[in-house]
Each structure stands twice: as C-alpha cells, then as structure tokens.
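Before any comments, here is the structure.
Protein chains: 2
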Amino acid sequence: MDVREYIEANAADFFADLKEWLSIPSISGNPAHAVDVRRSAAWLSGHLRETGFPTVEVWETPGLPAVFAEWPAADPGAPTVLVYGHHDVQPIEPIEEWVTDPFAPIEDGDRLIGRGSSDDKGQVLFHSLGLRAGIAASAATAPPVTIKMLVEGEEESGSPNLPDLLRAHADRLACDVIVVSDTTMWLADVPSMCTGMRGLTEAELALYGPDTDLHSGSFGGAVPNPLHAMASLLAGLHDTDGRVTLPGFYDGVVPLSDEERRLFAKLPFDEGEWLATAGNSRAPHGERGFTTLERVWARPTAEVNGMWGGHTGPGGKTIVPSEAHAKVSFRLVAGQDPAEVQRSFRAYVEANTPPGIRAEVALPSGGFRACFSPIDSAGVRAARRAMERAFGTDVLFTREGGSGPEADLSEILDAPLVFVAVGLDSDRIHAPNEKVEMPLLLKGAEAAAYMWDEFATALR
Amino acid sequence: MDVREYIEANAADFFADLKEWLSIPSISGNPAHAVDVRRSAAWLSGHLRETGFPTVEVWETPGLPAVFAEWPAADPGAPTVLVYGHHDVQPIEPIEEWVTDPFAPIEDGDRLIGRGSSDDKGQVLFHSLGLRAGIAASAATAPPVTIKMLVEGEEESGSPNLPDLLRAHADRLACDVIVVSDTTMWLADVPSMCTGMRGLTEAELALYGPDTDLHSGSFGGAVPNPLHAMASLLAGLHDTDGRVTLPGFYDGVVPLSDEERRLFAKLPFDEGEWLATAGNSRAPHGERGFTTLERVWARPTAEVNGMWGGHTGPGGKTIVPSEAHAKVSFRLVAGQDPAEVQRSFRAYVEANTPPGIRAEVALPSGGFRACFSPIDSAGVRAARRAMERAFGTDVLFTREGGSGPEADLSEILDAPLVFVAVGLDSDRIHAPNEKVEMPLLLKGAEAAAYMWDEFATALR
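Chains A and B, in that order, are what the protein sequence lines are.
In terms of UniProt numbering, the first sequence opens at residue 1 and continues consecutively.
In terms of UniProt numbering, the second sequence opens at residue 1 and continues consecutively.
Shown next, in the form of structure tokens:
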C-alpha cells in the first residue's frame with residue numbers, strides 16, 4: 001500500500017478525528033475557555049500517542065499548555081525535524097455571522113467548516129496522518145528522521161510564553177530544521193511555500209517646542225513649530241523613489257534573487273483585486289523597481305502608524321503647538337538587525353531636529369528579525385520536492401509581510417525554518433465560517449509523508 | 001491755560017471718573033454681566049455728553065450695545081476722525097490671583113489697578129480729557145476736526161456684531177481716518193505707534209487612503225499611507241529659507257521699507273527675554289533675512305496648528321492608517337488676499353497629493369486681510385507729531401502679529417487706520433491684576449489734544 005492509497009483508506013477516520021478535536025472550543029484569548037485549551041492539549045496528546053509517538057508530554061506554561069511529542073528515527077545518525085503548530089483557536093465573534101455552529105464542524109462538499117479547521121488544527125493533524133502513511137508505505141517501524149512536534153496553546157494570543165518555553169526546553173527541542181505548518185498556499189491549484197516573513201521594530205517620537213501652546217499671531221513665524229519639524233522628519237524618511245532614507249537601512253539586506261523574482265512573477269496575481277482587499281486602496285505605491293508582491297513580502301518599510309499634536313478638535317485654533325508625536329514602525333527583511341534600525345532612526349532624528357526643538361525617541365521593544373528560508377537551501381528544496389510529489393505540479397514560492405512567533409523559533413532554537421502548509425487565503429481564518437479544503441489536507445498529509453524521506457536524504 | 005496745564009488741573013477728576021467707570025463689571029463674555037455692559041454704555045453716554053458731544057447715542061446690536069458720539073467741527077470743510085475703542089472688559093478668572101478687587105480700582109503709586117484700566121476704558125477715556133484740553137487751550141467751542149467716537153461693547157467677545165453695525169451705520173460713521181486706541185506702546189519710555197496687524201486665513205486638510213486601517217505587515221510598503229502624504233504636504237509648505245512655498249503667496253506683499261526696518265531696529269529688544277515669553281522657546285526660527293520682530297509683525301506665515309491620524313493611543317499598533325488630518329492657518333500681511341491664499345493652498349494640495357490618496361480641503365471662513373498704515377501716510381505722520389509733542393521724544397513704530405476687529409473697521413468704512421495708544425505689554429491685559437500707568441494716560445490725553453490740530457492741517 002503506497003502513501004496515497006494509505007491516505008485514501010484512512011481519510012474518513014482522519015476527518016472524524018479532526019472533527020472531534022475541532023469540537024473543543026480552545027479559544028486561548030478568552031479566559032473562560034482555558035479549560036477547553038487544556039482539553040484540547042489532552043486530546044492531542046492522546047492522538048499523538050495513538051499515532052505512535054513514544055514520547056508525548058503536556059508542557060505547562062504560566063499561561064496555557066503546549067504539547068510536545070518525539071519519535072526517534074531508527075538510525076541514530078538521522079537528522080531531526082521539529083514540526084511547529086498550535087492547538088488554540090481564534091475567538092468566534094461576531095458569532096451572528098456564522099452559518100453553522102463554529103464548534104460543531106460539518107462537511108459541505110469538499111469543505112470542512114469550523115473554527116480551527118484551517119488555523120491550525122487541520123494543518124497540525126495532517127502530519128500524523130502523513131507520518132503513519134509514510135511508515136506504512138515503507139514497512140518501517142520508525143520514521144527516517146527523528147520527528148519532534150511542538151504544538152502550542154497561545155499562538156492566537158501572541159505566544160507570550162513561547163520564548164521562555166523554547167529556552168527552557170532548548171535541549172529537548174534541538175533540531176536540524178523546523179517545519180512550520182501555519183501559513184497558506186497561493187491557491188488550491190497553485191501550490192506554494194512561504195519562504196520568509198518580515199520582521200518588525202517600532203519607535204515613538206516626541207518633539208517639544210515651546211512650553212505651552214502659543215498664540216500664532218503673537219509668535220507665529222518666529223519660533224519653531226514642532227508640527228513642522230515632525231512633518232519634515234517624517235516626510236524625510238522616504239526619498240522620491242520610495243526608499244527609506246535612514247543611513248545604513250539597506251546595509252546587509254538580502255536581495256531578492258532573480259530566480260525568486262521569476263517565481264513570484266509566475267503567481268497568478270490581479271493587482272486590482274489585491275487593492276480591493278487592501279481597503280479599496282486606489283493605487284499601488286511603494287519602492288520604485290519592485291512589484292506589489294515584492295514590496296509586501298521582501299522589501300523593508302518605514303511606516304508612520306500614528307501622528308498627533310496641537311489642536312485636533314472642532315473649529316480653528318490659531319496656535320503654535322507645544323508638542324508633536326508620532327508612532328513609527330519598520331518592517332524588516334533578512335539581513336536587517338532591529339536594534340541597528342532603531343539606532344539609525346534615533347541618529348536620524350538627532351541629526352534632523354531643528355534648533356529649538358527637543359526630540360525624544362522611545363523604543364518600546366527591541367522588535368524581531370525577519371525569518372527567511374532561501375529557496376536553494378537544503379530544507380526548502382527537500383520540502384518542495386515532497387510538495388511537488390504530492391501535488392504533481394510545480395510548487396512556487398511566496399512570503400508573508402507580517403510575522404508570528406516563527407522568528408523566535410528559528411532564533412532561539414538556531415535552526416532554519418521550512419513552511420509547509422496547505423491553508424488558503426480564502427479559508428477565512430480569524431473570521432466567521434472558517435473552513436478548510438479537505439482534499440488539500442490530504443495533499444498536506446501526502447507531502448508530509450514524502451518529506452521525511454526527503455529530509456533524511458537532504459539533511460544528512 | 002495750555003493743554004498740559006489743563007490736563008494737570010483736571011487729572012484728579014479724570015481718574016475719579018475713570019474709577020467710577022471701572023467699577024462697572026462690563027464683562028461681555030459672561031451673560032450674567034450683560035446688564036453691567038449696558039450700565040457701562042449708559043455711564044459712557046453720560047460722560048460724553050458732559051464732555052460736550054452734542055450727539056450721543058447708544059446703538060443696540062443683537063448682542064451688547066455700542067456708544068456713538070459726534071462733535072462736528074466748526075468748519076464744515078474740516079476732516080472727520082473716528083475714534084474706535086471698547087467699553088467691555090475681559091473675564092477676571094482666575095480670580096484668586098487678583099491681589100485687589102478687579103472692580104474696586106485702586107491707585108498704587110503711578111499705577112491704577114483694575115479690570116479694564118488699560119484695556120480699554122482708560123484708553124477710551126483719555127480722548128475726552130484730551131478733547132476738552134484742546135478746546136480749552138484754543139479757546140474754541142468746537143474741535144478743529146469733526147470727531148466721532150464708536151465705543152463697542154463686544155470686543156472681548158470677538159466683535160460678532162460689529163461688521164453689521166458698521167454696515168448699518170456706514171453713513172453716520174463716514175470719516176477720513178480711524179484712530180484706534182486699543183493697542184500698546186513699546187515701553188513707558190519708548191513711545192511708539194502700531195502701524196499694522198497681520199490678517200488671517202485658515203484651512204483644514206483631510207487625506208483619505210484605504211477605507212479602513214490596514215495591517216502594516218500584510219500591506220505596508222505597497223499602498224499609499226495618508227500620514228506619509230500629510231507629512232510631505234505639510235513639510236513642503238516651507239522651503240529651506242523658511243519661506244512659504246505656495247505659488248503666488250508673496251505676490252503683492254507690501255515689503256518692509258528700509259525706514260521701517262531702521263526704526264524697528266531702534267526698539268530696545270532682548271531676544272532672550274522675548275523667547276522666554278514665547279513659552280521658553282529655545283531658539284528663534286523663521287524666514288531667513290528677517291529679524292524676530294520683522295517676522296512676527298511684517299511677514300506672512302503658514303502655521304500648522306494641529307495634525308492627527310492613525311493610532312494615537314498608548315502602545316504600538318502596526319497599521320497603515322485610513323486617514324490623516326491637519327489644521328493650517330496663514331498670517332497675512334498687507335497686499336495679501338485671504339481668498340487668494342486659500343485658493344493657492346487648495347491648488348498646492350491638489351498638485352502634490354500622491355496617486356491613491358484623496359484630499360479634501362475645507363475652508364472654514366474667508367479670513368481677513370491685514371491692516372496696514374504706512375509710516376509716511378498723512379494720518380500716521382500727523383498722529384506721530386502729536387505723540388512726539390506729548391512725550392517730548394522720538395516716537396518709534398511697532399506692529400502686531402495678530403488682529404482684532406480693526407481690519408473690518410478699515411475695510412467697511414473705507415478709511416485708513418492710525419493707532420494711538422499708551423497701553424504697555426506689561427499692563428497684564430486679559431490677566432489678573434490688570435493695571436495702567438496713570439502718567440501715560442495723561443500723555444495719551446495730551447497727544448489726543450494735539451492730534452486734532454495736526455489732523456486738521458494734514459488731512460485737509
């Protein structure tokens with residue numbers, strides 16, 4: 001019985017198991033559901049034991065528990081792969097928009113509808129089906145690589161305890177590569193792999209002029225106005241090519257390879273549709289020389305998130321205001337150090353604040369680096385081959401503009417990331433009526449089954 | 001008995017009268033004191049009748065009343081002068097900071113302390129003393145020019161009914177020159193005359209990007225950010241020389257004459273002290289090539305009074321915001337048309353708003369022009385001679401950066417303004433413990449006495 005036959009034979013049981021798990025309302029963001037998140041962890045533990053993992057543990061945190069499992073390879077020299085996912089789910093509000101009970105999953109044609117079906121329980125569970133299929137097809141008793149799984153219970157709440165958990169268990173979690181199954185493919189018929197997520201760092205800028213708001217008749221035109229200084233500082237963050245002007249900002253940025261740009265360009269992309277999803281934005285905009293997808297996926301930004309000062313109420317008030325404020329954030333790509341960007345921003349402000357204005361730069365947190373998996377790295381190539389075997393077609397590449405906890409995973413465990421996932425942007429994750437395409441979950445299982453062999457060869 | 005002797009002989013009666021008037025709490029901004037503003041108008045009417053004005057009328061408005069008086073010249077061909085002032089006063093809050101009862105005026109050395117002593121009852125009243133002194137000294141029975149007085153009762157509330165009152169009585173108020181006695185001199189020993197006040201026009205700018213705030217990870221760097229566009233538009237309002245960049249902004253601006261700059265420069269001026277009064281501003285700033293006084297008095301400005309958009313609460317929020325807003329005002333000088341400046345601002349915004357951003361410019365009111373009295377005009381020269389005869393020293397020139405209702409007076413009555421006043425910046429007008437220097441009021445009366453002769457000659 002080959003992998004595909006095994007999966008087909010066991011698909012009904014697989015979806016029955018998944019529906020059972022989806023019935024547990026493991027909403028990490030709602031303290032009333034903490035008990036359900038624990039039930040979810042217990043359910044997954046039992047399931048992984050049944051799958052054959054010799055080691056399954058529930059790891060407590062100061063918040064909600066994660067599940068850890070390990071199945072050693074028969075060959076002690078084999079590589080180790082860590083699979084990351086999460087078993088908690090988003091809240092269900094606005095509940096009146098659900099057409100079915102979010103925690104009574106039902107099938108509708110090829111779709112399975114229910115909270116967590118795509119994000120992320122469905123995508124965690126395909127790994128156990130794939131693993132069993134691979135072992136069955138090879139007539140082995142253990143996987144060809146050591147497989148570890150870490151399925152956390154607070155991802156939808158910002159993974160507040162994950163970094164500490166990773167550090168506390170770094171030895172147990174040591175691995176050669178981390179497989180993340182919590183992203184999406186481009187389209188159901190355009191399988192793809194994410195290869196990066198942008199990092200982030202933030203700053204808050206305050207400019208102080210006169211001690212109090214001044215009458216602009218008596219003083220206007222002869223004292224510095226902090227709002228003018230703020231406008232100049234913020235306007236000066238970009239040049240006319242849409243590039244960020246901070247000295248050194250692009251130093252070390254890993255450029256997009258020609259091959260990656262070529263593959264991005266093969267993704268079917270309708271810019272008009274994309275702009276519609278972007279809050280009906282009326283025109284694309286950004287760094288000259290890059291496409292929209294390249295801009296959001298692979299280029300760093302400086303973005304003003306908020307700005308305020310002076311009179312903001314109704315009517316006019318002819319003042320020279322005392323203060324001006326702005327919140328700025330930077331999306332980062334591979335090769336950029338958040339702390340270095342913050343230092344550069346501070347230096348930029350110091351160098352460009354006019355006489356008579358006092359500037360304060362607050363740096364709320366260190367931020368985090370981008371994650372990045374080069375498409376020609378061994379792990380990505382191996383996972384791509386597995387995906388292509390499962391889907392029977394070319395697998396393209398995407399990235400994501402924002403980030404989850406993946407940067408922490410890679411940095412703390414010091415291992416590269418590989419994103420293998422079969423969710424779709426149309427799965428309505430975080431929204432009412434979340435669904436997953438059942439045939440894609442089975443493709444995910446098939447890719448997972450092939451992946452362990454591919455990793456065993458490629459990472460040895 | 002010459003003018004000075006008459007004034008000295010009648011000074012005690014003059015101050016007794018003034019204290020009686022100051023005892024009436026004619027606070028126009030407080031409806032509970034409307035009755036007192038009416039009492040104040042009645043008091044002044046009686047006083048002007050006693051002074052000898054054949055015509056004295058209380059002019060009602062939809063708000064509070066003004067007092068009009070007229071004393072025709074003996075010679076029907078003589079010029080006509082309108083004296084403008086106001087009999088209402090500022091509120092007295094914070095009342096706990098007054099060291100005396102604001103409406104129980106007392107003398108403290110040369111000072112008379114009480115609300116309205118400088119702004120503006122003291123300065124209105126010196127005209128009647130001066131007029132009587134002039135007539136007495138000349139042994140005439142009527143003044144050498146036709147003298148009209150208009151003393152309004154709502155100046156401290158923004159003169160909301162003055163324009164209509166002026167239009168309704170334009171025939172009765174017709175004149176060759178308007179004497180305004182509601183400003184200040186430079187210092188007690190540096191007599192000066194104001195020769196201009198800046199005008200004003202305002203605009204509110206709204207920029208709209210995406211329909212909703214967007215996640216800056218998913219969209220940042222590829223759609224236009226209205227806060228970036230706002231920063232660029234506002235930063236672009238000034239060039240590196242501090243000049244306003246709006247096309248045509250300086251067209252028609254009446255330049256400062258070399259003589260006026262020379263006379264400004266003779267005013268004792270300590271920039272450090274001035275900065276301290278400017279809310280402890282740390283450095284002067286403004287249009288290159290002009291001094292601080294020239295900047296606030298005689299140069300137009302663009303001033304951002306308020307700006308807001310995106311996330312302005314605590315913490316970070318990594319969004320591309322949907323909207324950005326700003327309030328902008330322009331101080332204008334002689335030769336600038338408020339409506340033209342508004343048109344230019346609107347055109348500037350239209351020309352410089354990037355693709356994908358929609359701009360809305362709201363123009364709250366038409367604004368008002370600057371008032372300006374050239375130092376070589378007949379009226380200013382005549383009044384200056386009168387001031388120099390009274391003070392026995394050179395009279396210098398100042399301007400004011402903001403404006404009261406004077407622009408309306410000049411525009412509606414189509415007559416030039418001459419500012420003759422003896423208040424001081426240290427008089428604490430609009431603040432607790434307002435005072436006036438009694439010797440200066442007597443100098444004002446003396447200047448007023450000489451002024452009618454000077455006008456009779458100069459304006460014929």
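Ideal Cβ positions, reconstructed from N, Cα and C, are used throughout, including at glycine.
Look up residue i in the DSSP assignment and say whether it is helix, strand or coil.
i	result
R381 of chain A	helix
I135 of chain B	helix
F330 of chain A	strand
L440 of chain A	helix
V35 of chain A	helix
K317 of chain A	coil
M185 of chain B	strand
M451 of chain A	helix
L413 of chain B	helix
E70 of chain A	strand
L263 of chain A	helix
S45 of chain A	helix
G85 of chain A	strand
Short check: CB of residue i to CB of residue j, under 8 Å?
i	j	result
L48 of chain A	V56 of chain A	yes
S45 of chain A	V37 of chain A	no
E437 of chain A	A383 of chain A	no
F419 of chain A	T212 of chain A	no
C175 of chain A	R399 of chain A	no
E323 of chain A	A206 of chain A	yes
A66 of chain B	G153 of chain B	yes
I95 of chain B	I106 of chain B	no
V124 of chain B	F249 of chain B	no
A229 of chain A	T393 of chain A	no
A256 of chain B	A283 of chain B	Strictly speaking, residue 256 of chain B in this sequence is Leu, with Ala absent from that position. No; because the gap between Cβ atoms is not below 8 Å, this pair is not in contact.
G130 of chain A	A449 of chain A	yes
P432 of chain A	E155 of chain A	no
R381 of chain B	A458 of chain B	yes
P79 of chain B	A456 of chain B	yes
Looking at the strands, I want to know which residues DSSP matches up with residue i.
i	result
G309 of chain A	B:M307
H238 of chain B	B:V244
C371 of chain B	B:M197
R358 of chain B	B:Y208
G109 of chain B	According to DSSP, G109 of chain B bridges with nothing at all.
T80 of chain A	A:T146
L166 of chain A	In the DSSP output, where bridge partners are listed per residue, L166 of chain A has none listed.
G423 of chain A	A:T184
E400 of chain B	B:M197
H215 of chain B	B:I319
H325 of chain B	B:A206, B:W308
Label residue i either buried or exposed according to how many other C-beta atoms from any shown protein chain fall within 10 Å of its C-beta, with 16 as the threshold for buried.
i	result
V3 of chain A	buried
residue 479 of chain B	With chain B running from 1 to 460 in the structure shown, residue 479 of chain B is simply not present.
V328 of chain A	buried
R460 of chain B	exposed
D425 of chain A	exposed
G367 of chain B	buried
K266 of chain A	exposed
R288 of chain B	exposed
M149 of chain A	buried
G109 of chain B	exposed
D171 of chain A	exposed
D427 of chain B	buried
E259 of chain A	exposed
Between the segment 323-336 of chain B and the segment 193-201 of chain B, do three or more beta carbon pairs fall short of 8 Å?
yes
With three or more beta-carbon pairs closer than 8 Å as the criterion, would you say the segment 33-50 of chain A touches the segment 131-148 of chain A?
no
Taking 8 Å as the cut-off, does the segment 342-355 of chain B touch the segment 235-251 of chain B (at least 3 CB pairs, one atom from each stretch)?
The answer is yes - the segment 342-355 of chain B touches the segment 235-251 of chain B, with three or more Cβ pairs under 8 Å.
Touch check for the segment 222-229 of chain A and the segment 305-325 of chain A: three-plus C-beta pairs under 8 Å?
yes
Touching or not, the segment 13-31 of chain B and the segment 77-91 of chain B, by the rule of three or more beta carbon pairs under 8 Å?
Judged by pairs of C-beta atoms under 8 Å, the segment 13-31 of chain B touches the segment 77-91 of chain B, as three or more such pairs exist.
Counting pairs of beta carbons, one from the segment 412-431 of chain B and one from the segment 349-368 of chain B, are three or more of them closer than 8 Å?
no
Can at least three beta-carbon pairs, one atom from the segment 304-317 of chain A and one from the segment 308-317 of chain B, be found at a separation below 8 Å?
yes
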